[in-house]
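Residue numbers (our numbering): 37 to 224.
Below: one structure, written as structure tokens.
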């Protein structure tokens, strides 16, 4: 009976095999942690939800590549320094090299928003949500842009989608309720 290799021929060292196994386990670990956190978020009070939101943001900010994480950090640093063009450049490099990394699209959308480029911001938020439908930050951003563009029905839908994931956020709930009253008033 011939034995099958579990690893390609080029990977023979024990260290390399352990590194691959560790990477696979941490990826699975983050995915299962994310699922648990999302379940807890749906039931959490506002104070606990803030802690869960912070942890989910940390998970979503890890690309799995030190190079991509560095691009993300450089973009964030540029945003903090109010250098919006540099932030857009860093986040664009990130989305070019890691197009499946939802957080790269989300952060570039934030930079586009700050540059008053609403169309590109919405497109990037849509891409982020296509990659991570639970990204409540992208939904909150989408709702804010739609409000700014005087599109209350679209903003209401985005706020409602946010609250389906993160129901304890009183600020978003108030915004949704305010828009609901506006929309109901416009129908009378």
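Quick reminder that beta carbons are idealized off the backbone N, C-alpha and C, glycines included.
A quick note: this is a predicted structure, and the numbers were derived from the prediction, not measured.
Just to confirm my understanding: we take residue i, look at its own chain, exclude 5 residues before and 5 after, and list those with CB closer than 8 angstroms. What are they?
i           : result
residue 105 : 97, 98, 99
residue 199 : 205, 208, 209, 212
residue 101 : 134
Go through its chain and collect everything with a Cβ distance to residue i's Cβ below 7 angstroms, but skip five positions before and after it.
i           : result
residue 181 : 149, 154, 157, 158
residue 191 : 179, 182, 183, 215
So for residue i, helix, strand or coil by DSSP?
i           : result
residue 105 : helix
residue 144 : helix
residue 169 : coil
residue 136 : coil
residue 205 : coil
residue 113 : helix
residue 178 : helix
residue 212 : helix
residue 67  : helix
residue 160 : helix
Relative to the C-alpha of residue i, which candidate in the options has its C-alpha closest?
i           : options            : result
residue 114 : 132, 102, 147      : 147
residue 170 : 92, 193, 83        : 92
residue 142 : 128, 166, 160, 151 : 160
residue 130 : 103, 116, 121, 119 : 103
residue 127 : 112, 86, 77, 151   : 112
residue 72  : 166, 81, 165, 88   : 88
Would you kindly work out how many angstroms separate the C-alpha atoms of residue i and residue j, rounded to a whole number?
i           : j           : result
residue 95  : residue 70  : 7 angstroms
residue 138 : residue 217 : 33 angstroms
residue 172 : residue 202 : 7 angstroms
residue 177 : residue 108 : 18 angstroms
residue 188 : residue 195 : 10 angstroms
residue 120 : residue 140 : 15 angstroms
residue 124 : residue 193 : 28 angstroms
residue 67  : residue 82  : 23 angstroms
Which residues in the same chain as residue i place their Cβ atom closer than 6 angstroms to its Cβ, once the five residues preceding and following it in sequence are excluded?
i           : result
residue 220 : none
residue 122 : 114
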